[in-house]
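Asks: For the record, the sequence lines run as chains A and B. The first sequence begins at 1 in the numbering used here and counts up by one. The second sequence begins at 1 in the numbering used here and counts up by one. Pasting in a structure now, in structure tokens, and then I'll have a few things to ask.
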Amino acid sequence: MIEGATGRWEIVIGLEVHAQVVSEAKLFSGASTAFGAEPNAQVSFVDAAMPGMLPVINETCVEQAVRTGLGLNAEINRHSVFDRKNYFYPDLPPNYQISQYKQPVVGEGMVTVDLEDGSVCEVGIERLHLEQDAGKSLHDQHPDATYVDLNRAGVALMEIVSKPDLRNADQAGAYIRKLRAILRYLGTCDGNMEQGSLRCDVNVSVRKPGESLGTRCEIKNVNSVRFVQQAIDYEARRQVDILEEGGEIEQETRLFDAERGVTRSMRSKEEAHDYRYFPDPDLLPLVLSEDYIEAIRADLPELPDQKKTRFVESLGLSEYDAGVLVTEKEVADFFERVADGRDAKTASNWVTGDLFGRLNDAGQGIAESPVSPENLGGLIDLMADGTLSGRLAKEVFDEMFTSGRPASAIVEERDLKQVSDTGEIESLVDTVISDNADKVEEYKAGKDKLFGFFVGQVMKASQGKANPKVVNDILREKLG
Amino acid sequence: MADLTHFTLSEARDGLRARDFSARELTEAHNAAIERARPLNAMALETAEHALSMADTADQRIAKGDGGLLEGVPLAIKDLFCTDGFRTTAGSHILDTFVPPYESTVTANLWREGAVMLGKANMDEFAMGSSNETSYFGPVENPWRRPGDNRPIVPGGSSGGSASIVAARAALAATGTDTGGSIRQPASFTGLVGLKPTYGRCSRWGIIAFASSLDQAGPLTRTVRDAAIMLSAMSGHDPKDSTSANLPVPNFEAVLGGDVKGLRVGIPSEYRMDGLPAEIDALWQQGIRWLEDAGAETREVDLPHTKYALPAYYIVAPAEASSNLARYDGVRYGLRVEGDDLIDMYERTRAEGFGAEVQRRVMIGTYVLSAGYYDAYYLQAQKVRTLIARDFQTAFEGVDVLLTPTAPSEAFATGDKSDDPIAMYFNDVFTVPASMAGLPGISVPAGLSQAGLPLGLQLIGKAFDEEMVLRVAEALEDAAEFNAEPDTWWETST
Numbered sequence: 001m002i003e004g005a006t007g008r009w010e011i012v013i014g015l016e017v018h019a020q021v022v023s024e025a026k027l028f029s030g031a032s033t034a035f036g037a038e039p040n041a042q043v044s045f046v047d048a049a050m051p052g053m054l055p056v057i058n059e060t061c062v063e064q065a066v067r068t069g070l071g072l073n074a075e076i077n078r079h080s081v082f083d084r085k086n087y088f089y090p091d092l093p094p095n096y097q098i099s100q101y102k103q104p105v106v107g108e109g110m111v112t113v114d115l116e117d118g119s120v121c122e123v124g125i126e127r128l129h130l131e132q133d134a135g136k137s138l139h140d141q142h143p144d145a146t147y148v149d150l151n152r153a154g155v156a157l158m159e160i161v162s163k164p165d166l167r168n169a170d171q172a173g174a175y176i177r178k179l180r181a182i183l184r185y186l187g188t189c190d191g192n193m194e195q196g197s198l199r200c201d202v203n204v205s206v207r208k209p210g211e212s213l214g215t216r217c218e219i220k221n222v223n224s225v226r227f228v229q230q231a232i233d234y235e236a237r238r239q240v241d242i243l244e245e246g247g248e249i250e251q252e253t254r255l256f257d258a259e260r261g262v263t264r265s266m267r268s269k270e271e272a273h274d275y276r277y278f279p280d281p282d283l284l285p286l287v288l289s290e291d292y293i294e295a296i297r298a299d300l301p302e303l304p305d306q307k308k309t310r311f312v313e314s315l316g317l318s319e320y321d322a323g324v325l326v327t328e329k330e331v332a333d334f335f336e337r338v339a340d341g342r343d344a345k346t347a348s349n350w351v352t353g354d355l356f357g358r359l360n361d362a363g364q365g366i367a368e369s370p371v372s373p374e375n376l377g378g379l380i381d382l383m384a385d386g387t388l389s390g391r392l393a394k395e396v397f398d399e400m401f402t403s404g405r406p407a408s409a410i411v412e413e414r415d416l417k418q419v420s421d422t423g424e425i426e427s428l429v430d431t432v433i434s435d436n437a438d439k440v441e442e443y444k445a446g447k448d449k450l451f452g453f454f455v456g457q458v459m460k461a462s463q464g465k466a467n468p469k470v471v472n473d474i475l476r477e478k479l480g
Numbered sequence: 001m002a003d004l005t006h007f008t009l010s011e012a013r014d015g016l017r018a019r020d021f022s023a024r025e026l027t028e029a030h031n032a033a034i035e036r037a038r039p040l041n042a043m044a045l046e047t048a049e050h051a052l053s054m055a056d057t058a059d060q061r062i063a064k065g066d067g068g069l070l071e072g073v074p075l076a077i078k079d080l081f082c083t084d085g086f087r088t089t090a091g092s093h094i095l096d097t098f099v100p101p102y103e104s105t106v107t108a109n110l111w112r113e114g115a116v117m118l119g120k121a122n123m124d125e126f127a128m129g130s131s132n133e134t135s136y137f138g139p140v141e142n143p144w145r146r147p148g149d150n151r152p153i154v155p156g157g158s159s160g161g162s163a164s165i166v167a168a169r170a171a172l173a174a175t176g177t178d179t180g181g182s183i184r185q186p187a188s189f190t191g192l193v194g195l196k197p198t199y200g201r202c203s204r205w206g207i208i209a210f211a212s213s214l215d216q217a218g219p220l221t222r223t224v225r226d227a228a229i230m231l232s233a234m235s236g237h238d239p240k241d242s243t244s245a246n247l248p249v250p251n252f253e254a255v256l257g258g259d260v261k262g263l264r265v266g267i268p269s270e271y272r273m274d275g276l277p278a279e280i281d282a283l284w285q286q287g288i289r290w291l292e293d294a295g296a297e298t299r300e301v302d303l304p305h306t307k308y309a310l311p312a313y314y315i316v317a318p319a320e321a322s323s324n325l326a327r328y329d330g331v332r333y334g335l336r337v338e339g340d341d342l343i344d345m346y347e348r349t350r351a352e353g354f355g356a357e358v359q360r361r362v363m364i365g366t367y368v369l370s371a372g373y374y375d376a377y378y379l380q381a382q383k384v385r386t387l388i389a390r391d392f393q394t395a396f397e398g399v400d401v402l403l404t405p406t407a408p409s410e411a412f413a414t415g416d417k418s419d420d421p422i423a424m425y426f427n428d429v430f431t432v433p434a435s436m437a438g439l440p441g442i443s444v445p446a447g448l449s450q451a452g453l454p455l456g457l458q459l460i461g462k463a464f465d466e467e468m469v470l471r472v473a474e475a476l477e478d479a480a481e482f483n484a485e486p487d488t489w490w491e492t493s494t
């Protein structure tokens, strides 16, 4: 909702996410899809639209689309069709894009999105279809010429279209993050927005609550979650201002100017392309059998929602912690390796607490963690068997993070092993009691708070190595 | 030695195997004939040296006894088939410098079987035309002329160069492509056998696309047996063409030499159109009698949607062409005419690179796919196409093959119809329905018109039943005993 001069306005948002499919080869040619090659090093005759060349569907890409559809709880269409979308542009060699128009491979589905405040919203998926990516026009190589790099031309994209179910920028951001998590779990898109393997077109309209949908504007090619959110906020405010001044929204395509944080008109409805879609006569309809779909379904990995439920129900984690852990597959995997054979809550606390803290400070992701899950598990084991106190463990962890070495080696080297030998601790306790006779008097007179003082003194005398539990027990016994 | 250019393909093949003459001798004779035939303008590229080197390889293989189906047989290749290292133009200015770095599947199959390439045959630009007058390289002439009349006659199109060069006895056979009649109609105009196989029988990979859902490669030959041999070599499943049929290739020659006793031949009553010249109708009736005399039964069949086939074809084919030809934009290969900006460059390149007929069809195709017209034209035409296919299916429940005229007229004089596209499009009226249904069709030379020009009859078969089509074609060929040849006026012209 945004507050306008005439009252509150509801923002209605729908997203079209273009997700580059993880596959070795392109959608209709055998050329490689690897990122970062020399310009035009990965271009087949098909990609360059040489005369007489024909597209042949890459089965892997179809499988990835079906897998994604299943991961989005969506209907898989047994019969779908590839169409040609005709328009002229130098980065599109045949001057048509092979896409799916009226009959996409995946139909309606649903994504559950967790919001920051702990609430949940359901976002409908309208469809998912397969299409070819275009190449890249390079305008900065020559003062008065444009160069074209066709390495990306023909790479498979999944266009995932949401229903207009989103109502604010936060929801939109959470939806993209959730979608990205699902794609990564499925291994169907690496979700890397910087490299452009996940790109968003944002449809925004505004209306007074309860009214029918307003005229929408489409903001093209917004390439980060933050920009999507900025674009929505700017665009909604722009539309409200126009409407409140008595104007009308024109249906148009707009661009997001990331430097200035504004959207700008790109082309009006009148200037819109007439794409002249028609079924591609070079390709047969895509027909999927029940067995094919079921085989992919049987092979689906555990997805974030299922994993979260399991973490809560089987491992006893809180909803919140489970939610944090499953956001990224790598984190969830890391956690599971730490928790393997250990107390899950302890493992979760270490991962979401100390480890995340240090990683954030260092600006690193879980993949770059200097502490391996096995080493973090080793640290937890040393606490569990009483070798390390909580305090010592934190010290050891700090060193593990710095050096990358396992806990046991650090404990060994620095002789940090916790002392649990009652005889040894008893003598320390005796010394502390005799050295502080006055405090003992006060304690016995009822000043209970002093108990902590005695613990501290014993720990200090042990150079921190005494087992706190044993210290407590002996102190209580001796102080009566 | 007898003139080596007057053999049929099968005779030449047998002579090569028997070592009566060498592939080099055969090729030299054809190279010379091609050179003499230059006045026909049938070739877009002559590859005489390459032909000799292929012939030498063939001779070595024949000597070792391991020659292929077409070992040492010299052929002309329509300039729509991409040939590795040899200029391939589609008869267009926009590709007149294009040298493909790859070989079409069909020609690769021919070379695998030992065939020799004499050169690339001239054709209507992007296979759009029925008279071979739209080529950037100028019109092709039919070797046939009306007796006592020196006016040039068209060879039909779009495979006009292929037809002309085979009819002139300068190649033993040629490849053609047929989208709406582009093999069968030129065959009829030049006294040859022209076979359009079932859609999907031959791979389209490496053939420059006109209308992808209709284009199909096939042979132009002097006999039905030659067509069968060529088809065996050309066809086969190709994983690089998603529309290519994954079926075994029969030995088509093996079905020949039988008879047609008891076969049922359908005569589609809708093909008896108003304005059909009497001599065409008479030849058709003659064809019916020939097949009856050979023991076949004939019966009338109905193909009620026939009259919609031609208009629907001239929506579907241009629609696909408008998209297929979008790639010729001056950006990556072929002609580029510089302009003030990108759009200007596109416009100048395509305005200069494409001829009038291609531009006309690109515009028609763009129009019928446009928002607001798609449903009325393209979608409607696709529905008609379904109905046409159903008509044939129903008819084939009761008959084995259909007999019709190939074209509604004999070959006409150069320039006669070039200002009237509708009259030109009407050439395809009998060939287009089978194309729309994807069915195999063959034109067999059946006689001469009163003016002394060849006329063909067409047989249409069930999908992937080329064997039946060839069997009945042979019977027709035997009965017609067509053995007329054009006068070799071009040999003496200067």
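No residue lacks a Cβ here, since even glycine has one placed at the ideal position from N, Cα and C.
1. Per DSSP, A:Arg199 forms a beta bridge with which residues?
2. Verify whether the separation of the beta carbon atoms of B:Trp489 and B:Arg36 is less than 8 Å.
3. Here's the rule: buried if 16 or more other CB atoms are within 10 angstroms of the residue's CB, otherwise exposed. What is A:Val331?
4. Under a CB-based cut-off of 8 Å, is A:Arg276 close to chain B?
5. I'd like to check one pair, A:Ile176 with A:Val228: are the Cβ atoms closer than 8 Å?
6. When the Cα atoms are used, what is the spatial distance from B:Thr105 to B:Ser203?
7. Please confirm if A:Asn73 has its CB atom under 8 Å from at least one CB of chain B.
8. Under 8 Å by Cβ, that's how I've got B:Gly503 and B:Pro445 pegged, so tell me the actual separation to the nearest angstrom.
9. Are at least three pairs of beta-carbons, each pair with one atom in the stretch 399-410 of chain B and one in the stretch 266-278 of chain B, less than 8 Å apart?
10. Could you work out which residue in A:Asn360, A:Glu24, A:Asp343 and A:Leu130 is closest to A:Lys85 when comparing CA atoms only?
11. Which ranges does the beta strand (DSSP E) cover as unbroken runs of at least 3 residues, wholly within the stretch 322-387 of chain A, from first to last along the chain?
12. Please report how far the alpha carbon of A:Pro3 lies from the alpha carbon of A:Gln100, in whole angstroms.
13. Return helix, strand or coil for B:Asp178, following the three-state DSSP convention.
14. Thinking just about the alpha-carbon of each residue, which of B:Ala48, B:Gly180 and B:Ala58 is nearest to the one in B:Phe86?
15. Please list the segments of the beta strand (DSSP E) lying wholly inside the stretch 228-290 of chain A, counting only runs of 3 or more residues, in order along the chain.
16. Taking B:Arg327 as the query, report the chain A residues whose CB atoms sit under 7 Å from its CB, ordered along the chain.
17. Can you have a look at A:Val120 and say buried or exposed, based on whether 16 or more other CB atoms are within 10 angstroms of its CB?
18. What residue does the beta strand (DSSP E) around B:Cys82 start on, and which one ends it?
19. Could you please tell me which residues of the stretch 8-28 of chain A, in chain order, have their CB closer than 8 Å to any CB of chain B?
20. I need the DSSP call for B:Thr494, collapsed to helix, strand or coil.
21. Any beta carbon from chain A within less than 8 Å of B:Ser242's own beta carbon?
22. Does the Cβ-Cβ distance between B:Met234 and B:Leu110 come in under 8 Å?
23. Closest Cβ-Cβ distance between B:Gly206 and chain A: below 8 Å?
24. Quick check: is the beta carbon of B:Thr366 nearer than 8 Å to any beta carbon in chain A?
25. Is it buried or exposed, B:Met1, if we count other Cβ atoms within 10 angstroms and call 16 or more buried?
26. I need the straight-line Cα distance from B:Thr494 to B:Thr8, nearest angstrom please.
27. Of all Cβ atoms in chain B, is any one closer than 8 Å to the Cβ of A:Ile57?
28. Name the residue from A:Gly14, A:Ile98, A:Leu317 and A:Lys394 whose alpha carbon lies nearest to the alpha carbon of A:Lys517.
29. Between which two residues does the alpha helix (DSSP H) harbouring B:Pro445 extend?
30. Kindly indicate which three-state DSSP category A:Ala25 falls into: helix, strand or coil?
31. Measuring alpha carbon to alpha carbon, tell me which of A:Asp421, A:Met400 and A:Thr422 ends up nearest A:Glu413.
32. Can a CB atom of chain A be found closer than 8 Å to the CB of B:Leu387?
33. Are B:Val496 and B:Gly160 closer than 8 Å when you measure CB to CB?
34. Count the other C-beta atoms from every protein chain shown that fall within 10 angstroms of the C-beta of B:Gly72, then say buried if there are 16 or more, exposed otherwise.
35. May I have the straight-line CA-CA distance separating A:Arg358 from A:Glu245, to the nearest angstrom?
Replies: To lay it out plainly:
1. Per DSSP, A:His18.
2. Result no, Cβ atoms of B:Trp489 and B:Arg36 do not sit closer than 8 Å.
3. It counts as buried.
4. Yes, A:Arg276 lies at the interface with chain B (some Cβ there is under 8 Å from its Cβ).
5. In this structure, A:Val228 places its C-beta atom within 8 Å of the C-beta atom of A:Ile176.
6. Cα-Cα distance, rounded: 6 Å.
7. Closer than 8 Å to the CB of A:Asn73 there is not a single CB belonging to chain B.
8. Not covered by the structure: residue 503 of chain B. The range shown for chain B is 1 to 494.
9. Contact check between the stretch 399-410 of chain B and the stretch 266-278 of chain B: three or more CB pairs, one atom from each, fall below 8 Å, which counts as touching.
10. Closest by alpha carbon: A:Leu130.
11. The stretch 322-387 of chain A contains no whole beta strand (DSSP E) run of 3 or more residues.
12. One point to set straight first is that residue 3 of chain A is Glu, not Pro, in the sequence displayed. One C-alpha to the other measures close to 40 Å.
13. Shown here, B:Asp178 sits in a strand according to DSSP, grouped into three states.
14. Checking every option, the nearest Cα to that of B:Phe86 belongs to B:Ala48.
15. Segments of the beta strand (DSSP E) lying fully in the stretch 228-290 of chain A: 252-257 and 262-268.
16. Ala49, Pro93, Pro94 and Asn95, listed in chain order.
17. Looking at its Cβ environment, which holds fewer than 16 other Cβ atoms inside 10 Å, A:Val120 is exposed.
18. No beta strand (DSSP E) holds B:Cys82; DSSP gives it neither H nor E.
19. Within the stretch 8-28 of chain A, no residue has a Cβ that lies closer than 8 Å to any Cβ of chain B.
20. Unreliable placement is indicated for B:Thr494, whose pLDDT of 49 sits below 50; no coordinate value is reported for it.
21. So, interface residue.
22. Inclusion of B:Met234 and B:Leu110 in the CB contact set at 8 Å is warranted, their separation being smaller than that value.
23. Yes, because at least one Cβ of chain A sits closer than 8 Å to the Cβ of B:Gly206.
24. Residue contact with chain A for B:Thr366: present (Cβ-Cβ distance below 8 Å to some residue of chain A).
25. Residue confidence is low: B:Met1 scores 46 on pLDDT, short of 50, so the model does not pin down where it sits. Its coordinate-derived value is still stated next. An exposed status is given to B:Met1, since fewer than 16 other beta-carbon atoms sit within 10 Å of its beta-carbon.
26. Residue placement at B:Thr494 cannot be trusted, given a pLDDT of 49 that sits under 50; what the coordinates show is reported in the next sentence. If you take the alpha carbons of B:Thr494 and B:Thr8, they lie about 28 Å apart.
27. For A:Ile57, the answer is yes, since a Cβ of chain B falls inside 8 Å of its Cβ.
28. Look at the range of chain A in this structure, 1 to 480, and you will see that residue 517 of chain A is not part of it.
29. No alpha helix (DSSP H) contains B:Pro445, which is instead part of the beta strand (DSSP E) from Gly441 to Leu448.
30. Judged by DSSP in its simplified three-state form, A:Ala25 adopts strand.
31. Nearest option by C-alpha distance: A:Met400.
32. Closer than 8 Å: no.
33. An answer regarding residue 496 of chain B cannot be provided, because it is not within the stretch 1 to 494 covered by chain B.
34. So B:Gly72 ends up on the buried side.
35. Taking the straight line joining both Cα atoms gives about 51 Å.
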